[in-house]
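What follows is a short report on a single structure.
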Amino acid sequence: MPQAKFRPSLTAEQIQWLIEHCKQAAGDDHVALELLITLAPFKAKIDAGGIKPAYIAQPKQTLLQQLGDTTSPSYVLRGVAYETKEAYWEACYTYWLKLQTPDFTDGVGVASLADAKAIEAGAKEHRYLNGLMTDLEVAEFEQQAFLSSTGD
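Numbering (this note's numbering), first residue to last: 17 to 168.
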């Protein structure tokens, strides 16, 4: 009588784990021996590059990520994510400097007014934190920061 067979999706590490455990149980268990006979050559083909993955699984998003976790903001400039706001601000400053050059072109340009404002705001933060502003610019920046923190 034919047996129904199924195809699980396993990583190479999971297959190796199964092989190791089947080796331990192979002396006492015929199912473990059958698994070992099937999986060992399969793993050897994977290691040799003879079998390619059926697909590459993308990491599953948590429910919090799906809903848009606002507790850990991401800092993205022109498709590049930065781990810290300081690195993001520095990248904004570098790009802002390039934009000040009349003949600068990167083939893309600033996508929108919102992008331009984000780049300028990030550049200002970097300039403020690194002493790259004039005294007048510092005073204006601090006043603007104070007004935005009070809600006016």
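Note that CB positions come from ideal geometry on N, CA and C, so glycine has one too.
Please read all numbers here as calculations on a predicted model, not as lab measurements.
Tyr144 - containing alpha helix (DSSP H), residue span = 129-145
What does DSSP give as the partner residues of Val96 in its beta bridges?
-> Note: Val96 sits in a beta bridge opposite Leu93.
Does the distance from the C-beta atom of His142 to that of Tyr91 stay below 8 Å?
-> no
Considering Leu26, what are the terminal residues of the alpha helix (DSSP H) in which it resides?
-> Here Leu26 belongs to no alpha helix (DSSP H), and DSSP marks it neither H nor E.
Nonlocal neighbours in the same chain, by C-beta distance under 8 Å from Ala73, ignoring five residues either side = Excluding sequence neighbours, Ala73 sits near Ser25.
6 Å CB neighbourhood of Ala42 in its chain, flanking five on each side removed = Ala48, Leu49, Leu52
Could you check how far apart the C-beta atoms of Tyr104 and Gly147 are, in whole angstroms? I think they sit under 8 Å.
-> So it is not a contact: roughly 19 Å between Cβ atoms.
Should Lys21 go down as buried or exposed, given a rule of 16 or more other Cβ atoms within 10 Å for buried?
-> exposed
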